[in-house]
Each structure stands twice: as structure tokens, then as C-alpha cells.
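Chemist: Take the sequence shown: its position 149, counting from 1, is numbered 260 in our numbering, and each next residue is one higher.
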Amino acid sequence: MVMKHSAIDNSHKNGHVVQVSGLVKLYDELRAVDGITFSVRRGETFGLLGPNGAGKTTTMRMLAGLSPATDGSVMVAGMDVAKSGRDVRNEIGVVTQHDGLDTTLVVHRNLEMHGYLAGLSYRDSIRRTKEVLGFFNLETRANASIHALSGGMKRRLAIARAMMSSPQLLVMDEPTTGLDPQSRNRVWEQLGALKEAGVTIIMSTHYMIEAETLCDRLAIMDHGNILDIGEPDEVVEHHVGAEVAILQLSENATTEERAALRRQLDAEGRDYSEVGPRFLVTAPKGTKPEVATLTGLAPMRVTYRPAHLEDVFLFLTGRELRDE
Ligand code: ATP
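(1) Tell me whether the beta-carbon of Glu250 lies closer than 8 Å to the beta-carbon of Ser236.
(2) Could you spell out where the alpha helix (DSSP H) holding Glu223 opens and where it closes?
(3) What ranges does the alpha helix (DSSP H) occupy inside the stretch 347-408, keeping only unbroken runs of at least 4 residues that lie completely in it?
(4) Using a threshold of 7 Å, is the CB atom of Thr168 nearer than that to any non-hydrogen atom of ligand 1?
(5) Just the C-alpha distance for Asn363 and Pro410, rounded to the nearest angstrom, thanks.
(6) Closer than 7 Å: is that where the CB of Tyr138 sits relative to any heavy atom of ligand 1?
(7) Could you give the distance in angstroms between the alpha-carbon of Thr148 and the alpha-carbon of Leu134?
(8) What did DSSP end up calling Met114 once you bin it into helix, strand or coil?
(9) Return yes when at least one heavy atom of ligand 1 lies under 7 Å from the C-beta of Gly161, else no.
(10) Check Pro162 in the structure and name its three-state DSSP category.
(11) Rounded to the nearest angstrom, how far is the Cβ of Val187 from that of Leu280, given a contact under 8 Å?
(12) Would you list the residues sitting across from Arg416 in a DSSP beta bridge?
(13) Report the option in Ile203, His225 and Ser361 whose CA atom is closest to the CA atom of Asp213.
(14) Mind checking Glu140: buried by the 16 CB within 10 Å criterion, or exposed?
(15) Kindly give me the distance between the Cβ atoms of Arg389 and Ile357, rounded to whole angstroms, as I take these residues to be in contact under 8 Å.
(16) Leu141: beta carbon under 7 Å from a heavy atom of ligand 1?
(17) If you check the beta carbons only, do Ser315 and Lys167 fall under 8 Å apart?
(18) Under a Cβ-count criterion, where at least 16 other Cβ atoms within 10 Å of its own Cβ denotes burial, should Tyr233 be classed as buried or exposed?
(19) Enumerate in chain order the residues of its own chain whose CB-to-CB distance from Gly309 is below 6 Å, with the five nearest sequence positions on each side excluded.
(20) What did DSSP end up calling Ala308 once you bin it into helix, strand or coil?
(21) Would you call the stretch 364-375 and the stretch 194-211 in contact, with 3 or more CB pairs under 8 Å?
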């Protein structure tokens with residue numbers, strides 16, 4: 112089916128559907144979002160990455176008009192989210208972490224009700240329900256109870272519901288968390304199809320593979336700030352280079368040898384992280400990490416692998432746990 116978009120479309124004089132400027136959210140003393148600025152181009156899939164508590168959900172809630180900003184502004188499709196009421200809300204489809212489906216209604220009624228509440232006429236809501244059920248391959252489940260759906264189907268239905276008003280922008284908080292790999296793939300396929308249809312997507316995720324697969328650009332957030340923003344490859348190349356050296360210490364390595372290696376890495380100002388018996392050494396800006404000065408300090412095996420987004424994530428946001 113064709114995912115049609117409504118006529119309100121005056122934001123792309125500069126090609127941006129979303130413009131976030133100096134956005135701040137305070138919860139008492141806590142600066143949950145600390146003055147972030149970014150834009151998202153029409154048709155782009157844009158990822159928000161960051162540890163627990165980084166401010167991703169808070170950012171998306173402000174983007175979708177679900178929570179007022181303390182300061183700054185969000186423009187979507189040329190309209191100020193804080194001021195434009197239903198006009199702008201109909202341009203934004205929202206999928207929260209909890210699907211929020213109405214378990215007292217069967218599948219097609221969930222969609223129709225949502226369309227109706229979004230301002231579609233009864234007839235248009237029924238027509239649009241048929242379209243989205245087809246697009247999301249849920250036609251055979253139209254009369255099913257919500258309880259009868261698998262986790263993957265519920266998630267697809269929640270995305271389908273967000274598309275009822277034919278929004279230009281889809282905002283999704285961790286769209287595949289908790290799904291098995293097959294269901295996750297199915298959601299990815301359907302997000303790919305929405306992108307093909309021209310929908311702009313902003314999504315948060317904790318899955319680096321998801322960000323690498325789906326996102327044209329992404330922002331890495333921590334403590335309410337954006338630490339870096341760019342295309343996944345660009346961000347990897349910039350922070351951790353093309354390759355990571357893995358120094359796997361042998362079982363015979365002593366605590367002193369391990370400490371000596373750490374001292375040398377620190378003395379050379381190297382970027383590295385420790386993962387169990389391994390030291391992962393990176394070299395930013397495209398160079399391959401040189402390890403000749405390190406290999407004599409402890410018995411070890413050295414291998415190289417391509418750098419990926421997870422390396423950048425840990426490099427930028429550190430290794431300490433955020434929920435303890
Ligand atoms: P996660 O990956 O765990 O979903 P997140 O990046 O989405 O995390 P947020 O949920 O935006 O993070 O939270 C940012 C900070 O704001 C956290 O410290 C959180 O405890 C705090 N916070 C969020 N909502 C509220 C609220 N309603 N009242 C007070 N503090 C809040």
C-alpha cells in the first residue's frame with residue numbers, strides 16, 4: 112500500500128522535518144536534558160543512543176509534545192510542538208516503550224479508535240485501518256484479541272497504530288526491546304518499508320546492531336548532553352579508528368604484569384578498555400593501533416578486529432553502571 116502523507120508540509124524549505132534547539136528538561140535539580148540541538152532531515156532514520164538515564168526518553172517525550180520543555184524549542188514539520196496542538200500532533204506518530212494497546216478491543220478496533228481520536232472520520236478511520244493492517248501484514252489478525260498476539264505482533268500493531276494519522280515523523284522508544292531475533296528482524300523490515308515510503312524516524316535503542324542497521328545518523332547521549340552526532344561509520348572512524356587491537360592476557364599473567372600493562376597504556380595516553388582478561392586498544396582517526404611497546408609486558412595473544420559502534424559507545428560513555 113502507499114503510505115500517504117497529509118498536506119501539512121511546510122518544514123522542508125531547508126530539508127529538515129525536525130529542528131531541536133537548546134532543548135532543556137529539568138526535574139527539580141536534575142538536568143535530564145541539558146540544552147541539546149540537532150536536526151533531522153526528511154526521510155532520515157535518526158537514532159538516539161545512550162546509557163540508562165541519559166535523557167533519551169525525556170527528549171522523545173518533548174519531541175512528541177507529551178512533556179513540556181523547560182527551555183528551548185522543538186519544531187516538527189515547520190510547527191512549534193509546544194504551540195501547535197493537534198495539527199502538529201497528527202504529524203507525529205509515537206510508539207512508547209509500553210505498547211499501550213487497549214486489551215478490551217480487538218486489533219482492528221484498536222486502530223479505528225486511535226484514528227478516530229486523531230481526528231479521522233469514522234469512514235476514513237476504517238479505510239486507513241485496512242491500509243495499515245495490510246502494510247504491517249496483520250490483516251489475518253484483524254479480529255484477534257490483543258492477548259492472542261505475540262510480542263512481535265503487538266509491537267508491529269503499536270507501530271501500525273502510530274501510523275494511523277499518516278504522520279510525517281515516527282518517534283519510537285526502543286522499538287525492539289524484548290523481542291526475539293526473528294521478530295526484531297520483522298520490525299526492522301517494516302521500519303525499512305516505512306523509510307522507503309518517506310517517513311522520517313527518530314528512535315532510541317540499546318542495540319548497536321539495530322542502530323548500525325537502521326540509522327542514517329545517530330546521536331550518542333549521556334547525562335542529558337549529546338556527545339557526538341553523525342553517520343554510524345563516521346562516528347566509529349572518528350573515535351575508535353578502523354580496527355581494535357585485542358590483547359588477550361594468558362592465564363599465567365600475574366597481577367603485577369597486568370598492572371604494568373595498564374601503567375604503560377596510561378603513560379602512552381592510549382585509549383583502551385578492559386573487558387575481563389582482555390585489553391581493547393583503539394586508535395582514533397583511522398589508524399591501526401600499534402602494540403609493539405606493550406607485547407613484552409605480559410604474556411598475551413594479540414588479534415585485531417574491525418571497530419564497531421559498541422566500541423564508540425563504551426569509549427564515549429565509559430564503563431560504569433548507571434542504575435546502581
Ligand atoms: P533508559 O535507557 O533507561 O530508558 P533514558 O536515556 O531514556 O534511559 P530518561 O528516562 O530520559 O533516560 O531519564 C533521564 C533522567 O531523568 C534520569 O535520571 C531519570 O531518572 C530522570 N527522570 C525521568 N523522568 C522523570 C520524572 N518524571 N521525574 C523525575 N525524574 C525523571
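Glycine included, C-beta positions come from ideal geometry on N, C-alpha and C.
Small disclaimer: the values here were computed from a predicted structure and weren't measured.
Modeler: A quick look at the data gives this:
(1) To locate residue 250, count along the sequence shown from 1; it is residue 139. To locate residue 236, count along the sequence shown from 1; it is residue 125. Going by C-beta atoms, Glu250 is not nearer than 8 Å to Ser236.
(2) Taking the first residue of the sequence shown as position 1, residue 223 is located at position 112. It spans Val218 to Leu228 - the alpha helix (DSSP H) in which Glu223 sits, taken as one unbroken run.
(3) 366-378
(4) Counting from 1 along the sequence shown, the entry for residue 168 is found at position 57. Yes, since a heavy atom of ligand 1 falls inside the 7 Å radius drawn around the Cβ of Thr168.
(5) Position 252 of the sequence shown, counted from the first residue, corresponds to residue 363. Position 299 of the sequence shown, counted from the first residue, corresponds to residue 410. Rounded to whole angstroms, Asn363 to Pro410 spans 7 Å at the Cα level.
(6) To locate residue 138, count along the sequence shown from 1; it is residue 27. Correct: Tyr138 has its Cβ closer than 7 Å to ligand 1.
(7) Working through the sequence shown from its first residue, we reach residue 148 at position 37. Working through the sequence shown from its first residue, we reach residue 134 at position 23. Roughly 7 Å between the two C-alpha positions.
(8) By 1-based counting over the sequence shown, the position of residue 114 is 3. Its pLDDT being 48, under 50, Met114 is placed unreliably in this model, and the value from its coordinates should be taken loosely. If DSSP states are grouped into helix, strand and coil, Met114 belongs with coil.
(9) For the purposes of this step, residue 161 is identified with residue 50 of the sequence shown, where counting begins at 1. Yes, Cβ of Gly161 sits closer than 7 Å to a heavy atom of ligand 1.
(10) Here residue 162 refers to the residue found at position 51 of the sequence shown. Coil.
(11) Residue mapping note: residue 187 aligns to position 76 of the sequence shown, counting from 1. Residue mapping note: residue 280 aligns to position 169 of the sequence shown, counting from 1. For Val187 against Leu280, the beta-carbon gap comes to about 6 Å, under 8 Å, which counts as contact.
(12) Locating residue 416 in the sequence shown gives position 305, counting from the first residue. DSSP lists Val355 as partners of Arg416.
(13) One-based indexing of the sequence shown puts residue 213 at position 102. Considering only alpha carbons, the answer is His225.
(14) In the sequence shown, residue 140 corresponds to position 29, counting from 1. Burial call: exposed.
(15) Here residue 389 corresponds to residue number 278 of the sequence shown, with the count starting at 1. Here residue 357 corresponds to residue number 246 of the sequence shown, with the count starting at 1. Confirmed, Cβ separation roughly 6 Å.
(16) On the sequence shown, residue 141 is found 30 positions in, with the first residue counted as 1. For ligand 1, at least one heavy atom lies less than 7 Å from the Cβ of Leu141.
(17) As a first step, residue 315 is located in the sequence shown; it is residue number 204 there, counting from the start. As a first step, residue 167 is located in the sequence shown; it is residue number 56 there, counting from the start. Cβ atoms of Ser315 and Lys167: closer than 8 Å.
(18) Indexing the sequence shown from 1 puts residue 233 at position 122. Classification for Tyr233: exposed.
(19) Taking the first residue of the sequence shown as 1, we reach residue 309 at position 198. Contacts found: Gly154.
(20) To locate residue 308, count along the sequence shown from 1; it is residue 197. Reduced to three states, the DSSP call for Ala308 is coil.
(21) no
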